[in-house]
Structure formats: C-alpha cells, structure tokens
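Numbers -18 to -1, 1 to 310, taken from mature numbering (1 follows the signal peptide of the UniProt record, and there is no 0), label the letters of the sequence shown in order.
We treat Cβ as the ideally placed atom computed from N, Cα and C, and that holds for glycine.
Take a look at the structure below.
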Amino acid sequence: MLVVTALLHGLVALLASAETGTRSQTPEPPLAWDLSKPLNGFTFQRAKALSSPSNDGRTTRFSRLVGIKGQSSNALAVSGLGSMLRTPPSHGQHTYQNISTAGNFSTQYAIECGWDGVPVWLILDTGSSDTWTVEESFECHDGRGAKHGQEECGFGRPHIKSFRGGPIDGLHFHLKYGSGEKVSGPMGYSDIACGGISVSGQQAGLANYTYWHGNNMTVGILGLAYPALTSAYYGETGHEAAWNAIQYVPFLTNAIMQGSMDPVFSVALLKNSSDGIIGWGGLPPVKADTSNYAATDLIVVRCDGSTSCFSRLATGACACCRVKWMRD
C-alpha cells in the first residue's frame, strides 16, 4: 500500500515547510539556494506556522475513497495549472484550477461527505481549493453554451437546494478547468463533514451554471488546497477580473483552524485496487512502514511580473507543502 502524507504546518499548504515525527532521522542537506533571494524570477516566502508540528500517529478519523476510472469524453483533459500560469493577470488567471487528468487510463477518487446533513459524493482534489456542489435547479450547458437537460452533465444525486447558513450577498465563484469544463454560482455558508472532521459555517459554492463531464456519481468537488487558489469574486457572474477576486478560508484550512484535526492528512492507495483511504489529522489505520519513506520540500512560487513562467516552473520546485512517500 502506498501512503502519501502531506504535512500542512503554516498556512495549510501555503509555503509551509515543517517536519513532523519524533523518530531520529538523518539531517537533511541544506537547500542549494538562499530562499531570501529571487531564483530565476521566482520569489520565496515562509509562512508563519499556525501550530506546532504534530507526531506521525494513527488517526481514527478517516474517509474511504472510491476510484472512478476516466472516461473517453475526458481523454483530452489536461491540468488547469498550466493554463493558469500562461494567462496574463488581466485575463483572470485565478479562474483556473488544477484538477487531475481524467483520461481513459487515469482514476479520480470520490469521497462521501455530509453537506448540511445531506450525504453527497464529491471528487477529492488536492490541487484546487474551492468546495462546491450542484444546486437543485442547476442548468447544464455544452461547450458552445447551448442548454441541455440536467442529465447530460452527468452529476449524481442528491442536489442541494440552499445554504444552511445563508448566501453571501454580492459574491460568486467561477471555475474553469483544464478540460474545458466550467462551473459558477452563488457562495454561502454550509456545514461540511467528512470522515469525522466537521467544519461549521464553511464558505462553499452552489453551481447553478455547469458545463461538465460527470460520472453519474459525484455532485461536486472537495478542494483541499490553500487559500491562494480560491476562486471567489465580487459582483455578478461574468465579471471575474483579477481585481474582483477575494481569497477566503477553504475547507482544510478551516478544519485545522477550528481545531477539528492536526495539520496533516494522508492518503493510502490500495494495491490491486482503485480504492483508498484518506486519514484526517494523521496516518490512516492501515499497515505501512513509516520508517521507510522519501520526503521533499515543495514550495509555492510566484513569478515576478512574468506572464510566461510555466516552462521555468515545470523544471523548478513548486507546490504547497512537505510530502512524504511511504510504502509497505
């Protein structure tokens, strides 16, 4: 079983770099560059930790992941990250999110959560931050904007009618994915719970406009990335200029800030199966050799006014947290 542990000290996947665990380890070599100085157009910052490092202990709070094989309609899907980085700021680069390719040989993972007490299946996405589900009366459109029946977008059931905590006036979310899919709608506050982790009053979205290649099971996305990738905007849909964007606290950050979990989550993928487990606040309750692992620092980077940094970014260090890879 492959176990991937993401340590989220700092602003939860926002330039965090903290080591957990109490076991003795070989000192890591220093970085080859000074983080206080720009590197090939990139600047680096270290975020202030929200909490002390936690031990690599087992957690009793976990969610089972159900693998969903890619479909031919999504065979040309690509990561939205490249599109975001290649788009000038004036063109609304923050509307793109990074979701895994969903081609014929890929797998997405679905997780069951409670949305204001209603069980829903969401796609687990560690590369995007917004958590959303489809609204009961949502509209389904194709890539040309033509309206179709709801079933054509392939969402599962149930569909959420409203926010328990009420909508947020004058605020909406708008997302474009690398596959060409897009969703938008109002934002509000709902109580979201996954595997024993409960976040009250979480800001989330209800998609009322969708262009989507669904799997007839999931009804939205659970985003586990950091606040910098949220996609909320002031004003009406269609006005997604960069100056209308406003960051907010996403689900995982909120769960840690509210004390629901330690700043770490881990994913275990089952051998000879497409399913898995995500552990909230620690290692999942599966057999794994935690003394045998590889670790690397992943650092969020920001281009210094450059609009063509994707090629340099692809060969550099970029991401959001420290990641450990372990095996049984």
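Relative to the Cα of Ala237, the nearest Cα in the group Ala175, Asp38, Ser213, Gly217 belongs to Ala175. Scanning its chain for C-beta atoms nearer than 8 Å, with the 5 sequence neighbours on each side dropped, one finds around Gly196 the residues Cys135, Gly136, Phe137, Gly138, in chain order. With respect to Thr212, Tyr230 sits close: the two C-beta atoms are nearer than 7 Å. Within the DSSP bridge table, the entry for Phe145 names no partner.
Contact between the stretch 146 to 156 and the stretch 198 to 211 is not established, with fewer than three Cβ pairs separated by less than 8 Å. Here Trp97 has Thr115, Ile142, Ser172, Ile174 as same chain residues with Cβ atoms under 7 Å from its own Cβ, once five neighbours each way along the sequence are excluded. Fully contained in the stretch 196 to 272 are the following beta strand (DSSP E) runs of length 3 or more, in chain order: 202 to 205, 214 to 216, 246 to 251, 258 to 262. Around the beta carbon of Lys19, fewer than 16 other beta carbons lie within 10 angstroms, which makes this residue exposed.
When secondary structure is reduced to three states using DSSP, Glu163 falls in the coil class, being assigned neither helix nor strand. A Cβ-Cβ separation of about 5 Å places Ile179 in contact with Ser242 under the 8 Å criterion. For Asp98, there is no enclosing beta strand (DSSP E), as DSSP gives it neither H nor E.
The C-beta separation of Gln132 from Phe120 comes to about 7 Å, placing the pair in contact by the 8 Å criterion. Boundaries of the beta strand (DSSP E) around Thr192: 179 to 193. Just so you know, the alpha carbons of Asn22 and Gly147 end up roughly 45 Å apart. In this model, Ala277 and Gly49 are separated by some 26 Å (Cα to Cα).
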